[in-house]
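Accompanying notes for the structure given below.
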Amino acid sequence: MSNLSSERILSVLREEIKNYRPAGEAARQGAVLRCGDGVATVYGLPQAMYGELVTFETGQAGMVLNLGEKDMGVLLLGSEEGVREGTHVTCAGEPVSVPVGEAMLGRVLDGLGRPIDGKGEIKTAERRPVENKAPGVVTREEVNVPMQTGILAIDAMFPIGRGQRELIIGDRQTGKTAIAVDAILNQKGQDMICIYVAIGQKASTVAKIVGTLERHGAMDYSVVVSATASDPAPLQYIAPYTGAALGEYFMDQGKDVLIVYDDLSKHAQAYRAISLLLHRPPGREAYPGDVFYLHSRLLERACRRSKEYGGGSMTALPIIETLAGDISAYIPTNVISITDGQIFLESSLFFSGQRPAVNVGLSVSRVGGKAQTKAMKSVAGTLRVDLAQYREMEAFAQFSSDLDEATKSMLAYGKSLYDLLKQPLYHPMSLSKEVVLLWAAGQKLLQDIPAEKLEAFKDGLMDHLAQHAPGVLEAIHETKKLDEATEAALREAVTGYLAGWAS
Ligand code: ATP
Ligand code: MG
0 MSNLSSERIL
10 SVLREEIKNY
20 RPAGEAARQG
30 AVLRCGDGVA
40 TVYGLPQAMY
50 GELVTFETGQ
60 AGMVLNLGEK
70 DMGVLLLGSE
80 EGVREGTHVT
90 CAGEPVSVPV
100 GEAMLGRVLD
110 GLGRPIDGKG
120 EIKTAERRPV
130 ENKAPGVVTR
140 EEVNVPMQTG
150 ILAIDAMFPI
160 GRGQRELIIG
170 DRQTGKTAIA
180 VDAILNQKGQ
190 DMICIYVAIG
200 QKASTVAKIV
210 GTLERHGAMD
220 YSVVVSATAS
230 DPAPLQYIAP
240 YTGAALGEYF
250 MDQGKDVLIV
260 YDDLSKHAQA
270 YRAISLLLHR
280 PPGREAYPGD
290 VFYLHSRLLE
300 RACRRSKEYG
310 GGSMTALPII
320 ETLAGDISAY
330 IPTNVISITD
340 GQIFLESSLF
350 FSGQRPAVNV
360 GLSVSRVGGK
370 AQTKAMKSVA
380 GTLRVDLAQY
390 REMEAFAQFS
400 SDLDEATKSM
410 LAYGKSLYDL
420 LKQPLYHPMS
430 LSKEVVLLWA
440 AGQKLLQDIP
450 AEKLEAFKDG
460 LMDHLAQHAP
470 GVLEAIHETK
480 KLDEATEAAL
490 REAVTGYLAG
500 WAS
């Protein structure tokens, strides 16, 4: 009798143990097995979700990235001091999130949205998850409002629209960051919020960029998110998503946002380091298999919302660094295929003095054409073809000594166009200036101006117009068109200035 009952008790116990599912607090507790290089292996946490926030007994935060049967791979979002075998870990029950709010404008933040500029605490009411699903197709609208970069070569040939993703790609030191910074400077008074995310750069480089933005009064409408090369890889990995979450906050209020990711090559490297530490299998160039998804889910978050969904937009300018101009490497091809076009910067052009060093043949903007203003379209229509023709003829002309007049004039015209596209640092142009200069070049009025005097000529011409024909600049600015009356007035004013210039 007693044997039977103990048998039963045992079987009930066995059954209970088999069906035991930890609930409540117990399911949220775990302990560190080992920790190093910013990654901790944690035992327990049976209910943890991917991307969930966990806190260590020591106060540090972490993010669950690997879900194993018995253990988890957790990224440490901060120093690993004090975290060792046996340290208790608790799940927060929510994904990793960052604070967002208006108060962040003008500030410099770390990869998790905490201020690092010494200007005190930031008071925000809201938090947003760093990883967020990209807006669905029905909530989006066509990209057809221009995002003027103020860089003549780009606005004329590779126009960017609000909500577009345009890649800036090129070797090191070819002026990639300069283009992004110029685009931010040009947003002054354009009702645009700019977010500059620095990933894996030197702290001194970031400080210089912040200084430039401050000097030009651009910090009033900008936020800098910075995870420098000396920050741990997890912070570099998370920084662009933090920037995107902040951008989405503003976009959801119906605002227009410009976000720069400088650069995603270093982001991919940080992710590769993390993945190897998490023992994920390495694939091509030792990057993990999901490195495409790393960038596609980030860049898909940039879009233009339809009116019913607030009408905000987020324009993304990711930057990729190439090695010896090789745009067919793994990460460059990935990001080229995710974005809506690329501005390819070439070292040889840069060193020959053609700055910004935009390679006209390899650059493209796939959706921006719809966003280009009528005024710009009317003056920039044949620019790409003219430049291509010049390049071809220039190579050919090297081998022949006597050229006919037609070829000579074509070469002179092409050269004047290339000279026109040179633009000094931090001098973004207004739409009316771009249109006037392109119109003058198209009318072959700039060919006789020596290249070294062109910059002074441009400024002089704009001053002259502002004084003697302010209506022209206003008309272009207001109507975004170059109608016949405006063109006639422009012709008269430019001819007048040219006569004075020559004498
Ligand atoms: P890195 O690979 O180091 O990030 P980068 O491609 O971002 O470099 P920048 O830092 O933008 O390049 O520019 C490199 C240098 O070229 C800087 O010293 C900058 O002052 C100069 N430069 C960039 N654009 C121009 C320009 N349009 N005119 C004159 N100088 C320029
Ligand atoms: Mg740079």
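Reminder that position 38 of the sequence shown reads as 37 in our numbering, one-by-one numbering, no gaps.
Glycine included, C-beta positions come from ideal geometry on N, C-alpha and C.
### Runs of beta strand (DSSP E) wholly within the region 160–225 (minimum 3 residues, chain order)
Listed in chain order, the beta strand (DSSP E) runs fully inside the region 160–225 are 166–169, 191–198, counting runs of at least 3 residues.
### Query
By Cβ distance below 6 Å, which residues in the same chain neighbour Val196 in space, the five residues on each side in sequence not counted?
Val224, Ala238, Pro239, Gly242, Tyr260
### Query
Helix or strand or just coil, what does DSSP make of Phe398?
Here DSSP, grouped into helix, strand and coil, assigns Phe398 to coil.
### Query
Which word fits Met287, buried or exposed, when buried means at least 16 other C-beta atoms lie within 10 angstroms of its C-beta?
This sequence places Pro at residue 287; Met is not what is there. Burial call: buried.
### Neighbour-count burial assignment, Glu247, 16 or more Cβ in a 10 Å radius
buried
### Residues surrounding ligand 2 [beta-carbon distance to nearest heavy atom under 6 Å]
Lys175, Thr176, Asp261
### Task
Assuming Ile194 contacts Pro355 (C-beta within less than 8 Å), just tell me the rounded distance between them.
Not really, about 22 Å apart at Cβ, beyond 8 Å.
### Task
Return the chain-ordered list of same chain residues with a C-beta closer than 7 Å to the C-beta of Ala440, the five sequence neighbours on each side being excluded.
Ser415, Leu416, Leu419
### Message
According to DSSP, simplified to helix, strand and coil, what is Arg320?
### Response
The sequence as given places Glu at residue 320; Arg does not occur at that position. Reduced to three states, the DSSP call for Glu320 is strand.
### Query
CB of Gly324 to nearest heavy atom of ligand 1: below 7 Å?
no
### Query
Which of helix, strand or coil does DSSP assign to His87?
strand
### Message
Looking at ligand 1, does it come within less than 7 Å of Leu424, judged from the CB to the closest heavy atom?
### Response
yes
### Host alpha helix (DSSP H) of Pro331 (start-end)
329–337
### Message
If you follow the beta strand (DSSP E) that Phe291 is in, where does it begin and where does it stop?
### Response
Taken as a continuous stretch (DSSP letters only), Phe291 belongs to no beta strand (DSSP E), being part of the alpha helix (DSSP H) at 290–298.
### Query
Does the beta carbon of Pro355 fall short of 7 Å from some heavy atom of ligand 1?
True, at least one ligand heavy atom lies under 7 Å from that Cβ.
#### Entry: Simplified DSSP state of Asp154, which is helix, strand or coil
helix
### Query
Looking only at DSSP bridge pairs, what is Gln46 linked to?
Paired residues: none, contrary to the question.
### Task
Mark Pro98 as exposed unless 16 or more other C-beta atoms lie within 10 angstroms of its C-beta, in which case mark it buried.
Pro98 is classed as buried because its beta carbon has at least 16 other beta carbons within 10 Å across all chains shown.
### Query
Cβ of Arg139 within 8 Å of Cβ of Arg303?
Closer than 8 Å, so yes.
### Query
In the DSSP assignment, what residue or residues form a beta bridge with Met313?
Val256
### Query
By the 10 Å Cβ neighbour count, where 16 or more other Cβ atoms means buried, how is Ala374 classified, buried or exposed?
buried
### Task
Evaluate His278 with the Cβ neighbour count: other Cβ atoms within 10 Å of its Cβ, from every protein chain shown; 16 or more gives buried, anything less gives exposed.
exposed
#### Entry: Pro355 - containing alpha helix (DSSP H), residue span
Run containing Pro355: none; DSSP gives neither H nor E here.
### Query
What did DSSP end up calling Met62 once you bin it into helix, strand or coil?
strand
### Message
Considering only DSSP beta bridges, list what Leu419 is partnered with.
### Response
Bridge partners of Leu419: none, in fact.
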